[in-house]
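Only one structure is covered here, and it is reproduced in the block below.
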Amino acid sequence: MPFYKDKNKKNNPKVVVPEGPVRVKLPKGKEVIGIITQRLGGGRMFISCMDGKTRNCRVPGRLRRGMWLREGDVVIVQPWEFDDEKGDVLFKYSKAAIERLKKKGLLKTSESEF
C-alpha cells in the first residue's frame, strides 16, 4: 500500500504563520537599510540607502538562489570597506518586518514605494 495516496496533499507546502510578535533583524555596525530602486542584471542592483547614498550592490553567491529580490524590496546592505559606493545585500525584510520598522521609526515612510 502506498504511503501517500493523495499527491496534492504530499506536495503542498507547509505554511507556518508566527503567532507571537515579529522579531526584526536590525543592521549592525556599518550595515544600513536600503530600498531597491533598479535591477541591473547579473545579481547587481542600485539601492537607495537610508544614509542618503545610492549604492551599486550585488547579491553574494551563497544567497543568490535563496533570496529573490525585486524593485521596492527593503534590504540590509553592507558597504564595501574600500569603496563606499558599492556593497553587498545581506538580508531581505518581509512585509510584517517592514511594518515593524516603520513603527520603530527606522524606515522613512516618505518613500513612494510604500
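Each residue of the sequence shown is one higher than the one before, counting from 29 in our numbering. Idealized CB from N, CA, C, for every residue including glycine.
DSSP bridge partner residues for Gly115 (one or two, in chain order): Numbered from 1 along the sequence shown, position 87 holds the residue referred to as residue 115. Paired residues: Cys85 and Pro107.
Uninterrupted beta strand (DSSP E) stretches inside the segment 52 to 96 (no shorter than 3 residues): You should have 60 to 69, 72 to 77 and 82 to 86.
Three-state secondary structure assigned by DSSP to Lys130: As a first step, residue 130 must be located in the sequence shown, where it is residue number 102. Three-state DSSP puts Lys130 in a helix.
Reduced DSSP secondary structure (H/G/I, E/B, other) of Gly120: Residue numbering aside, residue 120 sits at position 92 when the sequence shown is read from its first letter. Note that residue 120 is Lys in the sequence shown here, rather than Gly. Strand at Lys120.
Inter-residue spacing [alpha-carbon to alpha-carbon] between Asp116 and Cys85: Your numbering for residue 116 matches position 88 in the sequence shown. Your numbering for residue 85 matches position 57 in the sequence shown. Going by the C-alpha atoms only, they are around 5 angstroms apart.
Proximity winner among Glu59, Arg51, Gly94 and Leu54, relative to Val105 (alpha-carbon distances): As a working mapping, residue 105 is identified with position 77 in the sequence shown. Val105 has its Cα closest to that of Glu59, out of Glu59, Arg51, Gly94 and Leu54.
Arg83 versus Pro107: straight-line alpha-carbon distance, rounded: The residue you call residue 83 lines up with position 55 of the sequence shown. The residue you call residue 107 lines up with position 79 of the sequence shown. Rounded to the nearest angstrom, the two C-alpha atoms are 8 angstroms apart.
From Arg93, Ala124, Ser76 and Leu97, residue whose alpha carbon lies closest to that of Asn63: Your numbering for residue 63 matches position 35 in the sequence shown. Checking the sequence shown, residue 63 turns out to be Ile, not Asn. With respect to the C-alpha of Ile63, the residue from Arg93, Ala124, Ser76 and Leu97 having the closest C-alpha is Ser76.
is_contact[Ile126, chain C] using C-beta, thresh 8 angstroms: No chain C is part of this structure, which consists of one protein chain only.
Between the CA atoms of Ala125 and Met112 - distance to the nearest angstrom: In the sequence shown, counting from the first residue as 1, residue 112 sits at position 84. In the sequence shown, counting from the first residue as 1, residue 125 sits at position 97. The question names Met, but residue 112 is Asp in the sequence shown. For Asp112 and Ala125, the distance between alpha carbons rounds to 26 angstroms.
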